[in-house]
Structures are given as C-alpha cells and as structure tokens.
Amino acid sequence: MTSDFITFGAPQIQEAEISEVEACLRSGWLGTGPRVAQFEKDFALYKGLAHTQAAALNSCTAALHVGMVAANLEPGSEVVTTPLTFCATANAIIHAGLTPVLADVDPVTQCIDPAAIEAAITPRTSAILPVHFAGRPCDMDRIMQIADRHGLMVIEDCAHAIETEYRGRKAGTFGDIGCFSFYSTKNVATGEGGMIISSDDALIARAKVLALHGMSKDAWHRFGDVGYRHYQVVDIGFKYNMMDLQAAIGLHQLERVDANWTRRQHIWQQYMAAFADLPVGLPAPVEQDTRHGYHLFTPLIAPDAEGPTRDDALELMHRHGIGVGVHYLSLPEHPVYQQRFGWRPEQWPNAERIGRQTISLPISPKLVDSDIARVIAAFRSLFQHRAPAAATG
Ligand SMILES: Cc1ncc(COP(=O)(O)O)c(C=O)c1O
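Its first residue numbered 3, the sequence shown is counted upward by one per residue in this note's numbering.
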C-alpha cells in the first residue's frame with residue numbers, strides 16, 4: 003500500500019487523544035474506571051439523558067445483544083429488522099435467543115420501510131429493530147406508531163447515527179433502547195467500543211451487570227481507592243465492558259463530534275455537486291426537519307448505466323489509491339442466513355438492488371482538501387474511460 007493511499011474510514015486522532023491515552027497508561031488503571039464513567043456522563047449529556055441512562059460497552063454488537071437480553075423479550079419471539087445492515091444486527095438478535103424477520107427498505111431513503119414492517123408483523127413479533135442507515139434517520143413517527151399499536155419494543159441501531167436527529171429529537175431516544183458504535187471507522191472512534199442508552203434506568207443498570215459477567219460490582223468499585231468490596235454474581239452475564247484506555251480516546255472524539263460532523267457535511271456537499279452529472283444514483287436529499295449523520299456517502303452504480311460495474315468501480319478506485327467500501331450486500335446474500343432461515347435475496351428486492359449497486363466513498367473528517375479532490379477526480383474518471391477493470395492497468 004503506498005503512503006498516500008486514502009484508507010477508507012480512517013479515524014481522525016489528535017494530540018488530545020494521544021495525551022489522554024498516555025495519561026491513562028501512566029495512571030495504572032487501564033480497565034473500566036473513571037474515564038469510562040466520564041465518557042458515559044458526557045455521552046448521556048450529548049443525548050440529553052441522565053448518567054444512569056447510558057452504559058459504555060466494548061461494541062455496538064454487545065450493546066444490541068445485552069440490550070435485548072436485558073429487555074426480557076419472549077424467548078424465540080420475532081424481531082423485525084432491515085436486510086440492508088451489517089451482519090451484527092441480525093447476529094445480535096439470534097444470540098439473544100430471538101428470531102430475525104426482515105422488512106425491505108425504502109428505495110429512496112434506504113432505511114427500513116414502515117409499510118414493510120407492518121406487513122412483517124405476526125402474533126410472535128416482540129420488537130422492531132430499525133437501523134438509521136448511513137446516518138439518515140428512519141421514519142420514527144410511523145415506526146413508533148406501529149410499535150405502540152402492536153405493543154412492540156423498539157431497539158434503535160444507531161451505529162451510523164451518533165449525531166442524527168429526527169424532528170428535533172436525537173437518534174436512540176425514540177425507542178426503548180439505542181445502541182451506538184465507536185468502531186474505528188465510526189463518527190466517534192475508540193478503536194472498538196459501543197454505548198447503550200435508555201430512558202429506563204433499571205434496564206441500563208441490568209445491562210451494566212450483564213455486561214460484566216453478571217457481577218454486582220465492577221472492578222473499579224472492588225479495587226478502587228475506597229478499599230476492597232465483595233461482589234456477588236447475580237446474573238449469567240457476558241464480558242462486554244469498555245476499558246478506560248478506549249474511553250480516553252472517546253472523551254476527546256466526543257468533544258469534536260460536532261466539528262467533525264460539519265467537516266463531513268462539507269465533504270458530502272462537495273461530492274453531491276461534483277457527481278451531479280454522472281450516471282450514478284446519488285443519495286436522496288436530507289429530509290426536512292432532520293439531521294443526517296453523514297456517516298456514509300453511498301452512490302449507486304446500476305449495471306446498465308454508462309460506466310463501470312459496481313465491482314469494477316471498487317477495483318478501479320483501489321488502483322487510484324483510494325479505499326472504498328460496500329454497505330452492504332443485503333443479509334440474504336450470505337450463505338449462513340440462507341441455510342438457517344431459507345432467505346433468498348430477491349425476497350427483499352430494494353435491499354438486494356442497493357446492495358449490488360452501492361459503493362461507499364471516503365468521508366472521514368481526516369480527509370484534507372487535496373484528498374477530497376483526489377476522490378472526486380478518481381470517481382469521475384471511472385465514467386470517462388468507461389472501460390471494465392479487467393481491460394485496464
Ligand atoms: C449498522 C451496524 N450495526 C451494528 C454494527 C456493529 O458495531 P460494532 O462493530 O461496534 O460492534 C455496525 C458496525 O459496523 C453497523 O454498521
């Protein structure tokens with residue numbers, strides 16, 4: 003890989019994070035402790051919640067899993083979710099002893115379609131799990147109406163949606179549970195990391211216990227400077243706690259969350275203007291009275307358009323020294339779900355089509371203006387040569 007390769011989703015790490023990690027290392031306390039507590043407080047404040055309503059974990063996958071276990075959903079019951087998501091969404095449902103049921107996405111917003119949710123509900127449905135795709139909010143008014151009418155829980159997968167708002171309200175605060183990711187490519191990055199939020203303090207308290215083996219006291223409260231305290235194991239838990247080393251990074255990432263959002267909005271707008279004349283499907287305009295998280299920029303390349311195929315475009319961008327991604331091949335494209343649930347991609351045609359046409363271009367706040375210019379020039383050039391990848395290079 004050349005030194006000027008633009009890595010897809012590279013996090014923006016600054017001196018503040020580096021100094022805080024160093025201070026954490028020098029403090030001798032690396033595991034769950036005061037920095038995690040501060041990060042939870044800061045994140046809760048960002049979401050307009052109390053400190054008792056947020057728990058930092060080691061991933062969004064953990065947040066989804068532990069959230070559904072803590073919610074005491076009927077074992078084996080059905081959770082309606084989107085086929086256009088990362089496998090972790092469905093896997094967490096399965097690990098929680100529940101059954102994923104897919105509802106297709108809206109072809110324009112690429113978020114789960116409320117009408118499809120309604121059609122997927124059965125007497126065994128216990129929850130809806132929408133994903134605010136790419137940072138665009140789902141239609142939460144309609145989703146909450148459906149949930150209320152059928153008495154269903156709502157678990158929001160906000161892995162792309164830290165800054166996302168819908169009608170003045172922040173993503174993750176509509177449903178019973180909101181789950182966030184701080185994976186390296188995310189809008190707030192801690193390497194690996196996640197957060198679960200809820201307005202239900204008791205649910206968060208249970209999630210915290212479940213996230214640390216089911217123990218009644220975490221290590222900070224056993225070994226901290228107030229003297230040893232006994233713990234009791236009160237639940238069959240997991241090992242999902244966040245470390246202070248991770249929170250040290252997150253504290254400063256969160257301080258810059260809005261500045262970085264503004265930078266990504268700028269990149270997004272540059273791409274929209276630069277690609278307006280290309281034969282690609284650009285993301286739909288941001289809906290009124292919403293705030294898009296601008297996590298992913300995902301144009302669509304139709305197979306019959308003038309230009310490369312999507313897969314050729316992935317290869318050609320790489321040859322230009324630009325890392326790209328695919329978010330996502332729809333879940334039913336993967337063999338494990340076909341084998342376990344009998345899913346076929348064509349059952350959810352919108353997600354199938356988007357998954358086969360989509361390409362994610364870099365949109366990290368780390369990109370400098372010359373990087374943005376390179377991405378634009380490279381992507382535009384794919385449509386000037388109109389040659390398949392195999393015939394070039
Ligand atoms: C939509 C979605 N849900 C869940 C996850 C899982 O997040 P994590 O890697 O923090 O477990 C991701 C991560 O990429 C994601 O994109």
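Don't be surprised by glycine CBs; every beta carbon is placed ideally from N, CA and C.
At least three beta-carbon pairs within less than 8 Å, the stretch 148 to 159 to the stretch 200 to 219:
Proximity of the stretch 148 to 159 to the stretch 200 to 219 falls short of the contact definition, fewer than three beta-carbon pairs being nearer than 8 Å.
Pick helix, strand or coil for Asp237, following the three-state DSSP scheme.
Taking the first residue of the sequence shown as 1, we reach residue 237 at position 235. Coil, per DSSP.
Given 8 Å as the limit, is there contact between the stretch 253 to 270 and the stretch 14 to 21, that is, 3 or more CB pairs closer than that?
Contact between the stretch 253 to 270 and the stretch 14 to 21 is present: 3 or more CB-CB pairs across the two stretches fall below 8 Å.
Any non-hydrogen atom of ligand 1 closer than 7 Å to Ser183 Cβ:
For the purposes of this step, residue 183 is identified with residue 181 of the sequence shown, where counting begins at 1. Yes, Cβ of Ser183 sits closer than 7 Å to a heavy atom of ligand 1.
Which of helix, strand or coil DSSP assigns to Ile20:
Counting from 1 along the sequence shown, the entry for residue 20 is found at position 18. Ile20: helix per DSSP, three-state reduction.
Per-residue burial, Gln341 [other beta carbons within 10 Å of its own, 16 or more giving buried]:
Taking the first residue of the sequence shown as position 1, residue 341 is located at position 339. Gln341 comes out exposed.
Pro334 vs Pro139 beta-carbon contact at 8 Å
As a working note, residue 334 is residue 332 in the sequence shown. As a working note, residue 139 is residue 137 in the sequence shown. Result no, Cβ atoms of Pro334 and Pro139 do not sit closer than 8 Å.
Measure from the alpha carbon of Arg265 to the alpha carbon of each residue in Pro367, Glu42, Ser218, then state which is nearest.
Within the sequence shown, residue 265 is the residue found at index 263, counting from 1. Among Pro367, Glu42, Ser218, the Cα nearest to that of Arg265 belongs to Pro367.
Beta-carbon separation of Ser183 and Ser128 under 8 Å?
The residue you call residue 183 lines up with position 181 of the sequence shown. The residue you call residue 128 lines up with position 126 of the sequence shown. No, the Cβ-Cβ distance between Ser183 and Ser128 is not below 8 Å.
State buried or exposed for Thr124, treating a residue as buried only when at least 16 other CB atoms are found within 10 Å of its CB.
One-based indexing of the sequence shown puts residue 124 at position 122. Exposed, because fewer than 16 other Cβ atoms sit within 10 Å of the Cβ of Thr124.
Taking 7 Å as the cut-off, does the CB of Thr192 come closer than this to any heavy atom belonging to ligand 1?
Here residue 192 corresponds to residue number 190 of the sequence shown, with the count starting at 1. Incorrect: Thr192 has no Cβ contact closer than 7 Å to ligand 1.
To the nearest angstrom, how far is the alpha carbon of Ala380 from that of Asp373?
Here the question's residue 380 lines up with position 378 in the sequence shown. Here the question's residue 373 lines up with position 371 in the sequence shown. Going by the C-alpha atoms only, they are around 10 Å apart.
Check this for me: beta carbons of Pro305 and Leu318, under 8 Å apart or not?
The count along the sequence shown starts at 1 and reaches residue 305 at position 303. The count along the sequence shown starts at 1 and reaches residue 318 at position 316. Contact flag unset, no.
Reference Thr63; option with closest CA among Glu194, Pro109, Pro13, Ser332
Position 61 of the sequence shown, counted from the first residue, corresponds to residue 63. Closest in alpha carbon position to Thr63, among Glu194, Pro109, Pro13, Ser332, is Glu194.
Contact set for Ala118: own chain, Cβ-Cβ below 6 Å, skip 5 residues either direction:
Here the question's residue 118 lines up with position 116 in the sequence shown. Here the set comprises Ala105, Asp106.
Please determine if the stretch 242 to 255 and the stretch 19 to 35 are in contact, where contact requires at least 3 C-beta pairs separated by less than 8 Å.
Contact between the stretch 242 to 255 and the stretch 19 to 35 is present: three or more C-beta pairs spanning the two stretches fall below 8 Å.
Does the Cβ of Thr91 lie closer than 7 Å to at least one heavy atom of ligand 1?
The count along the sequence shown starts at 1 and reaches residue 91 at position 89. Checking every heavy atom of ligand 1 against the Cβ of Thr91, one is found closer than 7 Å.
I need the boundaries of the beta strand (DSSP E) containing Met155, first residue and last residue.
Within the sequence shown, the letter at position 153 stands for residue 155. Unbroken beta strand (DSSP E) run through Met155: 155 to 159.
Rounded separation between Gly395 and Val282 - CA only:
Within the sequence shown, residue 395 is the residue found at index 393, counting from 1. Within the sequence shown, residue 282 is the residue found at index 280, counting from 1. Any answer about Gly395 is weak, because its pLDDT of 37 lies below 50 and its placement is not dependable; what the coordinates show is given next. Between the alpha carbons of Gly395 and Val282 lies a gap of roughly 23 Å.
Cβ of Thr264 less than 8 Å from any chain B Cβ?
Given the protein chain composition of this structure (a single chain), no chain B is represented.
Are the beta-carbon atoms of Met217 and Val228 separated by less than 8 Å?
On the sequence shown, residue 217 is found 215 positions in, with the first residue counted as 1. On the sequence shown, residue 228 is found 226 positions in, with the first residue counted as 1. No, they are not a contact pair.
Is His162 near Gly325, with beta carbons less than 8 Å apart?
Residue numbering aside, residue 162 sits at position 160 when the sequence shown is read from its first letter. Residue numbering aside, residue 325 sits at position 323 when the sequence shown is read from its first letter. No; because the gap between Cβ atoms is not below 8 Å, this pair is not in contact.
Can you give me the Cβ contacts of Leu71 inside the same chain, cut-off strictly under 7 Å, excluding the 5 residues immediately before and after it?
Numbered from 1 along the sequence shown, position 69 holds the residue referred to as residue 71. In the sequence under discussion, the amino acid at residue 71 is Val, which differs from the Leu named in the question. Answer for Val71: Ala98, Leu212, listed in chain order.
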